[in-house]
Amino acid sequence: MNIKGFSTGLFGWHERYRMDGKEPSWEEIFRDVAESGVDAVEIDPVPELAAAAKASGLAVSGTYIGLALHEPFEALDIDRSVLPAARRLAEAGGTDLMINADPKGGWGTPEPKTEEEFKRQGDNLTRIAAAVGSLGLQVSLHNHAATAHNAEGDLRSVIDYAAEEVGLCIDTGWAHTAGCDPVAWVRKYPQRVYAFHLRNQIGGIPTEDLIDGEIDMRGLIGVLAEIGYKGWLALELWHREDTHPQRTMIEDTKRSIDALKRWIK
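Going letter by letter, the sequence shown gives residues 1 to 265 in UniProt numbering.
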């Protein structure tokens, strides 16, 4: 398996800083991230952030955008919500534009989506992929639903209702929380797997690193080797109060990357 490298989202880092009572600058954040052993970050590479990441030796792997994909296409206003960030991503040398299917009813009270809404999500993703096609980006749907109904429906949005150029960014933690098997998703739809957010879980609670938990991360890497995955492996560790972390985010990211390297070999 010849991956592009190891990346990380920054949500979990910000949450850990908040839990520790810290408010670091972007320069400090990127310095910590680089020290942890990752090669790249997922950000909207506005000039200030792109420069700060580059100064710490970090590439930009992708950009994450949340959209109410179940709404009519015109309501998404992609000229404002997607295209500027997509252009910045391409200019920064990133490859992965990850679109999250935001919940119907809001994050606090998510509602079940209808099959028509799942179908609309697929159509909207197809239209977004077409709109950014000239930029050379991979467009994928990021699964974030915490229930099986919406998680499986979001999966169908890509597999059944979107054009073939739309892929999946599989978030292992959210898939497991929803009662789904992320490894099975990879086995069943290998050609649609474009990106990952890697986090292990015990039930709905994130674990401290990728090594411990109910998700077979070593098995996942084995399947990725079988399908010849060539993208980024992006970590999305999340240290919450109920995780009871015993190590720093830097230490747990290092542990996780070391494990990934062993499993890849």
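Heads up, the beta-carbon is just placed ideally off N, CA and C, and yes, glycines get one too.
What ranges does the beta strand (DSSP E) occupy inside the stretch 89-116, keeping only unbroken runs of at least 3 residues that lie completely in it? 96-101
Does the separation of the CB atoms of A178 and A146 fall below 8 Å? yes
Identify the continuous alpha helix (DSSP H) that holds L260 and give its terminal residues. 249-264
Might you give, ordered along the chain, the residues of its own chain that have their beta carbon closer than 7 Å to the beta carbon of G219, omitting 5 neighbours on each side? V183
Going by beta-carbon coordinates alone, are I221 and W263 separated by less than 8 Å? yes
Just how far apart, CA to CA, sit A259 and P72? 43 Å
Given L137, which residues of its chain have a CB within under 8 Å of its CB, disregarding the five upstream and five downstream residues? A86, L89, A90, G94, T95, D96, L97
C-alpha gap between R240 and M217, whole angstroms: 20 Å
Sort out for me which residues DSSP pairs H149 with in a bridge. Looking at the DSSP assignment, H149 forms no beta bridge with any residue, so it has no partner.
Quick check on the burial criterion: 16 or more other C-beta atoms within 10 angstroms. Buried or exposed for D160? exposed
Would you say the stretch 24-39 touches the stretch 185-198, given that touching needs at least three Cβ pairs under 8 Å? no
Taking the Cβ atom as the reference point for each residue, do D39 and F6 lie within a distance shorter than 8 Å? yes
Count Cβ pairs between the stretch 153-171 and the stretch 108-123 that sit closer than 8 Å; are there 3 or more? yes
Among residues of its own chain, excluding the 5 on either side of E214, which ones have a beta-carbon nearer than 8 Å to its beta-carbon? H176, N200, Q201, I202, G203
Among all the DSSP beta bridges, which residues are the ones paired with I65? I99
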